[in-house]
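Those letters in the sequence shown? Residues 36 to 576, per the numbering used here, in order.
Glycine included, each C-beta is placed from N, C-alpha and C at the ideal position.
Bear in mind the structure is a predicted one, so any value in this text is a computation, not a measurement.
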Amino acid sequence: MEVVDNDITKLQDKAVMMKHIYILVGLVFAETILNFFLVYFSNFISQNVIRDIRERLYSKLIYFKTSFFDKTPIGQLVTRAVGDVETIATVYTDGFLMVFGDILRIVFVLIMMFNTNVHLSYITLAILPLMVVITRFFQKRLKKAFGDERNWTSTQNSFVQERLAGMSIIQVFNRQESEFKKFDDINITLKSALLRTVFIFSLFFPVVELISSLFIGFILFYGGYITISAGVVIAFIQYISMLIRPLRQIADRFNNIQRGIVGAERVLGLMDEENSMTNTGTVKKDHFAGKIEFQKVHFAYDEKQEVLKGIDFKVNPGETVAIVGATGAGKSTIISLITRLYDINSGNILIDDVDLKDYELYNLRSHIGVVLQDVFLFHGSIFENLAFGDDSITLEKIKAGAKEIEVDQFIEQLPGGYDYVVSERGSSISLGQRQLLSFLRAYLSDPKILILDEATSSIDHESEKLIQRATEKITKNRTSIIIAHRLSTIEKADKIIVMEHGKIVEEGKHLELLDRNGYYATLYKAQLRHEVELEEEKESK
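Structure representation (structure tokens):
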């Protein structure tokens, strides 16, 4: 190398040496500016892409069938929607743009090498295919290691989320130690998966350094064997170091890209799933009369056991119909079918003489109000939970509705009233209060068909009386279906459907069914005895 041989070793021609110093300083500044733009724009692109992926994934998830969520742990979905999406960011932040910058550095070094010594440059190029082979070797193993790591992370997230939701059960049954043991087993397996990834990473870089050192040693040996100036040898040692650095960075980036690809496969696999409820219906109505008819309906959640076995019944517009039966009889399933959370296996369900599947799905659901036994309130104010994203429901409308069904007093007694912030799932208020809010939420949507799924079970007597009075008010001029454990609450129903083991065994009014002295009468008398026993216990205390 002429500069090294003449300017540095002999300290001659300082002007030439200063010229090269200026060039070097300029290159350093140019590299700094290039690095800034590469880092900024790669992150800029990354955040925009990740935002788009999150939006597309969430918009897909919220339309998935209920059956998908029945069989998929929520923790796994959270890991994919958050953790795996974040790993995709590495494809951009430490990925293709940065690799492009590394390639530019390699090209620049190669140009300098060939300008210095063509023969040594060709020898040095032998390092490139070797690096490709080594990188490919490690990539295959890293992909599997990353996959195992993400799978066990999902398992751990699912476990923790489920146990936190059921912490009261764990504590009541004193199962802290056994649950911790389960967690520890998962944690140990996850640690092993992570350590395997770390091991492969840790092995990869020393191998790269070893190859670099071997080539430097070979250049020194070759330089001593043939007639090459000391400056050229020193320059090529520097060139090899300069060449290895971006090559190593590319290999490192490809490993990170591999992690991102594994995350992308998991996310895209979820996005490619066709789990949305079919919505090919075209019938849209501004008004429902409220007639409901089941015709020989069969349904099973899985292939093992049929839940509904040839169900036939009719609900006329404006009627209040109660469905009763023991646990597992199929009562709540009927509600899920009317709202098309599930599709039937055979038979027909008609609303106003139109098949359920012929309705546009969201138009159908807009005419149905539901109050479930397991009331779900989101973390937020009472107003936000009642309006539930509907801009047409104002605070004034909520207050008027609350007054009409007599739930305004308990809301106004809460700190902040309608601005009171409830905890996740509404755990900061009582079960009775949660059901009253759910009742009001359904009422505010002004549905033509109202479904009360076990709305009066497991609540205190005062809340039950409130719900009973509210029920009488909001079921007027509406088709209403009531499912309740307390048979005394449905005595005024226009019709009572009695179910057992997925079949309708009796149908009629309350007094008619008692006169028949059948299954309904047996249930009713047994429940009366139970209520009398409870009252006697209270009085004795």
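Closer than 8 Å is the cut-off here; do at least three beta carbon pairs connect the segment 527-538 with the segment 338-349? Yes, the segment 527-538 is in contact with the segment 338-349.
Leu430 and Tyr455 - do their beta-carbons sit closer together than 9 Å? At least 9 Å separates the beta-carbon of Tyr455 from that of Leu430.
Cut-off 7 Å between Cβ atoms - residues of its own chain near Asn380, not counting five sequence neighbours on either side: His333, Phe334 and Ala335.
Would you kindly work out how many angstroms separate the C-alpha atoms of Gly61 and Asn150, rounded to a whole number? One C-alpha to the other measures close to 20 Å.
Rounded straight-line distance, which links the Cα of Tyr377 to that of Ser102: Looking at the backbone, the Cα of Ser102 and that of Tyr377 are separated by about 7 Å.
What is the DSSP secondary structure of Lys560, reduced to helix, strand or coil? Secondary structure at Lys560: helix, using DSSP grouped into helix, strand and coil.
By the 10 Å Cβ neighbour count, where 16 or more other Cβ atoms means buried, how is Ala477 classified, buried or exposed? In this structure Ala477 is buried. Its beta-carbon is surrounded by 16 or more other beta-carbon atoms within 10 angstroms.
Going by DSSP, which residues form a beta bridge with Ala422? In the DSSP secondary-structure assignment, Ala422 is not bridged to any residue.
How big is the Cα-Cα spacing for Ala361 and Leu230? The C-alpha of Ala361 lies about 52 Å from the C-alpha of Leu230.
Are the C-beta of Ser81 and some C-beta of chain D separated by less than 9 Å? Among the chains of the structure shown, chain D does not appear; only one protein chain is present.
Going by DSSP, name the residue or residues bridged to Lys344. Paired residues: His333.
Give the DSSP-derived three-state secondary structure of Val21 in the structure shown. Not covered by the structure: residue 21. The range shown for the chain is 36 to 576.
Per DSSP, which one or two residues make a beta bridge with Ser381? Per DSSP, His333.
Drop a sphere of 10 angstroms on the beta-carbon of Gln444, count the other beta-carbons inside from all chains shown, and report buried for 16 or more, exposed for fewer. Result: exposed.
Would you call Met36 buried or exposed, if buried means 16 or more other Cβ atoms sit within 10 Å of its Cβ? Bear in mind that a pLDDT of 48 at Met36, under 50, signals an unreliable position, so the number given afterwards is only what the model happens to contain. Classification for Met36: buried.
Measure how close the beta-carbons of Leu471 and Val442 come, nearest whole angstrom, since I'm counting them as under 8 Å. Indeed, because the Cβ distance is near 5 Å, the residues count as touching under 8 Å.
Ile459 vs Phe413 beta-carbon contact at 9 Å: Checking the sequence, you will find Glu at residue 459 rather than Ile. In this structure, the beta-carbon distance from Glu459 to Phe413 falls below 9 Å.
Taking the alpha carbon of Gly304 as the reference point, which residue from Arg176, Leu160, Ile440 and Gln111 has its own alpha carbon closest? With distances taken between Cα atoms, Gly304 lies closest to Gln111.
With DSSP collapsed to three states, give me the class of Tyr394. Here Tyr394 sits in strand by DSSP.
Tell me the residue span of the beta strand (DSSP E) that contains Gly360. Gly360: member of the beta strand (DSSP E) spanning Thr355 to Gly360, first to last residue.
Write down the C-beta distance between Ile246 and Ile109 rounded to the nearest angstrom, noting that I regard them as a contact closer than 8 Å. Incorrect: roughly 46 Å between the Cβ atoms, too far for contact.
Environment of Tyr57 [buried if 16+ CB atoms lie within 10 Å]: The residue is exposed, with fewer than 16 neighbouring Cβ atoms inside 10 Å.
Terminal residues of the continuous alpha helix (DSSP H) containing Val113? Segment Ile109 to Val113, the alpha helix (DSSP H) holding Val113.
Quick check: the Cα distance between Glu212 and Thr224, rounded to an integer number of angstroms? Each residue's alpha carbon lies about 18 Å from the other.
Assign Lys34 to one of two classes, buried (16 or more other C-beta atoms within 10 Å of its C-beta) or exposed (fewer than that). There is no way to answer for residue 34, as the model of the chain reaches only from 36 to 576.
So what does DSSP say about Gly136, is it helix, strand or coil? Helix at Gly136.
Selected residue, minimal CA-CA separation from Ile269, among Gln284, Asn152, Glu214 and Val233: If we check each option's Cα against that of Ile269, Asn152 comes out closest.
Considering only the alpha carbon of each residue, which of Val168, Val167 and Val142 lies closest to Ser156? Taking each of Val168, Val167 and Val142 in turn and checking the Cα distance to Ser156, the smallest one comes out for Val142.
For Ile97, which of helix, strand or coil comes out of DSSP? Of the three classes helix, strand and coil, the one that applies to Ile97 here is coil, per DSSP.
Expected contact under 8 Å - CB spacing of Val120 and Ile85 to nearest Å: Contact between Val120 and Ile85 holds, with the beta-carbon distance rounding to 6 Å and staying under 8 Å.
Could you say which of Glu300, Lys438 and Ile518 lies nearest to Thr368 if we only look at CA atoms? Out of Glu300, Lys438 and Ile518, Ile518 has the C-alpha closest to the C-alpha of Thr368.
Considering Cα atoms alone, identify which of Asp137, Val242 and Arg210 is closest to Gln172. First, the amino acid is wrong: residue 172 is Phe here, not Gln. Of the listed residues, the one whose Cα sits closest to Phe172 is Val242.
Straight-line CA distance for Ile158 to Leu249? The C-alpha of Ile158 lies about 13 Å from the C-alpha of Leu249.
If you draw a straight line from the C-alpha of Asn432 to the C-alpha of Lys226, how long is it? Before going further, note that residue 432 is Lys rather than Asn in the sequence given. Looking at the two C-alpha atoms, the distance is approximately 54 Å.
Taking the alpha-carbon positions, what's the Gly182 to Ser237 distance? Taking the straight line joining both Cα atoms gives about 18 Å.
By DSSP, does Lys339 sit in helix, in strand, or in coil? Note: Lys339 maps to coil in three-state DSSP.
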